[in-house]
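Worksheet: one structure, shown below.
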Amino acid sequence: AQSVAQPEDQVNVAEGNPLTVKCTYSVSGNPYLFWYVQYPNRGLQFLLKYITGDNLVKGSYGFEAEFNKSQTSFHLKKPSALVSDSALYFCAVRALDTGRRALTFGSGTRLQVQP
Amino acid sequence: GAGVSQSPRYKVAKRGQDVALRCDPISGHVSLFWYQQALGQGPEFLTYFQNEAQLDKSGLPSDRFFAERPEGSVSTLKIQRTQQEDSAVYLCASSLVGHEETQYFGPGTRLLVL
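Sequences listed follow chains A and B, in order. Under this note's numbering, think of the first position of the first sequence as 94, with each following residue one higher. Under this note's numbering, think of the first position of the second sequence as 7, with each following residue one higher.
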């Protein structure tokens, strides 16, 4: 079975400050890891993914995430937060070594960036 | 280009009614997924198609849920005899086939069962 934990329901940060949204995962074998963002009344938008290679992945809108195999983590980061980054963020995992293509999502973290 | 589209965007049903939710994937995307997102939760997998073949339906919660994709493009998720616990946002996603594919999501259909 595969699972994702997002330990913070909400993260508050001031505009211009760095932000981190935490994610840990559990999967058999090697993982594919994803971050999606959800704005109100809109579907999930893809931000970035880790497949193999460099542990630091860069994605859309200045976001990046660091894969840490020993800690089974894939935290989302941004050096300088914008008010427009306020949204709901989901981490997701898929096992590389199985034929199953379904994503397993965390419960989401609401990011609130204050002006 | 056009993204994944879903219709209707909102649906109110009385308990016991049947509903049908439609998904138009991105043109050329072979894989299609349905997810259910309850309020305050992350999406949960329901079923997966590759072309017209339903390869994984392990997430369908009961035999009241049925999905089809007869021509390998548009898909319909049907829920029979709706119950209040079926109230959720139903998300459709599509992707190119391949082991590194990224799933692209539609805006969802919000279903409210009264």
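By construction, the Cβ of each residue, glycine as well, lies at the ideal position given by its N, Cα and C atoms.
In the same chain as L118/B, and ignoring 5 residues on each side of it, the C-beta atoms closer than 8 Å to its own belong to Y16, K17, V18, A19 and S93, in chain order. For E157/A, the uninterrupted beta strand (DSSP E) run begins and ends at E157 to N161, by DSSP. Contact check for T202/A and V114/A: beta-carbon distance about 5 Å, within the 8 Å limit, so the pair qualifies. In the structure shown, S33/B adopts coil according to DSSP, grouped into three states. The shortest CA-to-CA distance from L97/B to any of E50/B, A59/B and V25/B is the one to E50/B. Nearest C-alpha to Q95/A among D178/A, V106/A, A107/A and G122/A: G122/A. Within the segment 78-97 of chain B, the residues whose Cβ lies closer than 7 Å to any Cβ of chain A are, in chain order, L97. Under the three-state reduction of DSSP, Q23/B is assigned to coil, being neither helix nor strand. Cβ-Cβ distances below 7 Å link Y132/A to A180 in the same chain, with the five nearest sequence neighbours on each side left out; the list follows chain order. Boundaries for N148/A: no beta strand (DSSP E) harbours it, and the DSSP string shows neither H nor E there. In the DSSP assignment, E50/B falls within the unbroken beta strand (DSSP E) covering E50 to Q56. Interface residue (Cβ-Cβ distance to chain A less than 9 Å): G22/B is not classified as such.
For the pair of segments examined, the segment 72-83 of chain B was found not to touch the segment 160-176 of chain A: the number of CB pairs separated by less than 8 Å stays below three. Between V80/B and N57/B, the C-beta spacing is not below 9 Å. Going by beta carbons, T88/B and S13/B fall outside the 9 Å limit. For the segment 120-138 of chain A, the set of positions with a beta-carbon nearer than 8 Å to some beta-carbon of chain B reads Y125, F127, Y129, N134, R135, G136, L137 and Q138 in chain order. In the DSSP assignment, N134/A falls outside any beta strand (DSSP E) and carries neither an H nor an E. Around the beta carbon of P124/A, 16 or more other beta carbons lie within 10 angstroms, which makes this residue buried. Q109/B has its alpha-carbon roughly 9 Å from the corresponding atom of Q138/A.
With contacts defined as CB atoms closer than 9 Å, A107/A and A195/A fail to qualify as a contacting pair.
The beta carbon of S153/A does not come within 9 Å of any beta carbon belonging to chain B, so the residue lies off that interface.
When the Cα atoms are used, A26/B and Q86/B turn out to be separated by approximately 9 Å.
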